[in-house]
Each structure stands twice: as C-alpha cells, then as structure tokens.
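So the sequence shown is residues 8 to 252, counted in the numbering used here.
We put the beta carbon where it would ideally sit given N, CA and C, even for glycine.
What you are looking at is a predicted structure, and each value in this text was computed from that prediction instead of being measured.
Structure first, then comments.
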Amino acid sequence: MLSLRSEGVHSLTVEDIVDNAMVLLIAGYETSCVLITFLLRYLADEPDILGRITEEQEEIARNKRPDEPLTWDDVSRMKYTWKVAMETLRTVPPVLGSFRTAIKDIEYKGYQIPKGWQVFTAQVVTHLDEKIFDDPSKFDPARFDNQSSIPPYCFVPFGGGPRMCPGNEFARSETLVAMHYLVRQFRWKLCCKDEGSGKILLRCLFLGSQLNLRPEAPLNMLMLKLAHSLLCTAIRFSLLLSTDG
Ligand code: HEM
C-alpha cells in the first residue's frame, strides 16, 4: 500500500491506507476470534455436540501422520464441525449488521428512502426469526442438515451481495483448523457463573453503534490438556477468552 501511494494520481491516500489496515485488523481478526470464542463457550455446555465434533476430527487425524499438516481436503471433510460453527454464527453473528447507502430515491414496502440515506440490516432479525428458524433460541446445528430449506439472504453472518465478506472461506478454514487441534488436545469448562448466551447477545445488541459482538463479561475458561485417549493428565493453564485482549 505504501509503494502504491508513491505512484502518482491513482495512489492511495494515507486515509485509504489506514482504512485498509483497520479493515484487515478488525474485519479479519476480531470476527473469527469472536466466532471461536463463542464456539468454545457453547461447546462447554454441549457435551454431545462436542463429542460428535471430536469424533469427526479424530477420524480425520487417524488418516494422517501425527506431524502431517491439514490439507484443504481435510478441511472440506469437517462438515459437522462447520454446522456447529454456522449455528454459532446464527445465534451470535460477530458482525451485527451491514450498511448500504441508497444511490437513488427508492420506495420499499411503503417506506421512502431518499438518495444518500444509509440503510442498516441486522443479521439477528432473520437469524432469530421463528418463521425462518424453528425454535430460534435453541442451539441446534442439525438445522443446517438441509441448508437449501433456508430462504435466500436469511442466514447472513458474512453479509450478502457483491460486498459480501471476501474473507468467509478463510474464516471457515481458520476456525475449522483451530477446532481440529483444540478438541483433540483440550477440554474446557466455564468458570463464570450462569453466563447464558441470551444474556450475552442482548447486551451486544444494546451496544448501539458498535458493530462487532462481544461477550458481556470476559469468558473465563479452564483449559485441560488431554493425554491420549482423552484422559486429563494435568491442569496446565487457565485462559481468559475474551475479545477485549
Ligand atoms: C467469522 C468470521 C467473519 C465474519 C462473521 C465476517 C463478516 C463480515 C460481514 C458481515 C461483512 C460485511 C458484508 C456486507 O456488507 O454485506 C464483512 C466484510 C468484510 N470482511 Fe469479513 N467476516 C469474517 C472474517 C473475515 C476475514 C478472516 C477477513 C480477511 C482476512 C475478512 C475481511 C473482510 C473485508 C475486507 C470486508 C469488507 C468487504 C467490502 O466492503 O467489500 N472478514 N465481513
């Protein structure tokens, strides 16, 4: 970006550079970090789902040498794990919503939207609509068994249209790779009291102008390092999982 800036009239301004750096830092880092944090948080209370994820990841690991890195094919086989991640994205979308600017006067369902106004779409409006997702407050990855049953533009954690998140495949890969190593090497439990996910989400909605969702309080978790055959050998460390740092 700095070299483009020195190339004349088409170069980037300092503002452009700062803007791009912020997009990568916030759009590329905070989002996946929130997804993995909430995945761990949900799985702490869902032993059956965690068991199925572990089975899927162990099956993939069985076909590899211990030091062999994961391949794109391996990641494509992590279908159940991704359904659980999608259910996490549905209930706690890391990006609360997206803006669009009206480039001309438009009318939508009787509402007049003047040119230049910004329209804000919030993911949770459809994600938590019971007409679209049956029993929306239930954490149920099975609802993604038949994805074609979800109407277009109703499951939109990565936005939609031409400005949809360009990092969505990367986010999928990094989340699945992280889960591969986490579920095979650790077990964890929440150390905070009664931190219901509904409470977390509600607080996030009240944040107003802030677009990224965060846990209401730091998610204190105790991580247990597993020995072979899922036996806990020792408590190695306690992690403070929070997007605040
Ligand atoms: C779970 C992870 C992620 C989620 C939920 C997410 C979600 C989103 C959403 C909702 C938007 C706005 C889309 C719209 O306006 O329709 C967006 C934009 C964007 N995301 Fe992501 N994102 C994630 C990960 C990433 C990663 C890993 C990167 C880059 C490495 C990235 C880069 C971007 C960029 C550059 C934009 C702006 C695109 C534009 O305005 O044309 N995102 N993301």
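| Query | Result |
| --- | --- |
| heavy atom of the ligand HEM below 7 angstroms from Leu19 C-beta | no |
| Counterpart residues of Ala129 in DSSP-defined beta bridges | Gly104 |
| Enclosing alpha helix (DSSP H) for Gln64 [first to last residue] | 54-69 |
| Proximity below 8 angstroms, CB of Leu77 to CB of Val184 | yes |
| Collapsed DSSP secondary structure at Arg194 in the structure displayed | strand |
| Contacts around Gly205, its chain only, beta-carbon distance under 7 angstroms, and the 5 residues preceding and following it disregarded | Only weak support exists for where Gly205 lies, its pLDDT of 43 falling under 50; the coordinates are left without a value. |
| DSSP-derived helix/strand/coil call for Glu137 | coil |
| Check: Ala178 C-beta below 7 angstroms from any heavy atom of the ligand HEM | yes |
| 8 angstroms contact criterion, which Ile67 and Met93 should meet: CB distance rounded | At roughly 19 angstroms, the Cβ-Cβ gap does not stay under 8 angstroms, so Ile67 and Met93 are not in contact. |
| Exposure label - Phe127; buried when at least 16 CB within 10 Å | exposed |
| Residues bridged to Ile113 [DSSP beta-bridge criterion] | Ile120 |
| Endpoints, alpha helix (DSSP H) assigned at Tyr49 | 38-51 |
| First through last residue of the alpha helix (DSSP H) which encompasses Lys86 | 86-98 |
| Any 3 or more C-beta pairs closer than 8 angstroms across the region 150-163 and the region 56-72 | no |
| Beta-carbon proximity of Leu233 to Trp195, cut-off 8 angstroms | no |
| C-alpha distance - Gly174 paired with Glu53, whole-angstrom precision | 28 angstroms |
| CA-to-CA distance, Arg107 to Lys122, given in whole angstroms | 11 angstroms |
| Backbone secondary structure at Asp81 - three-state DSSP | helix |
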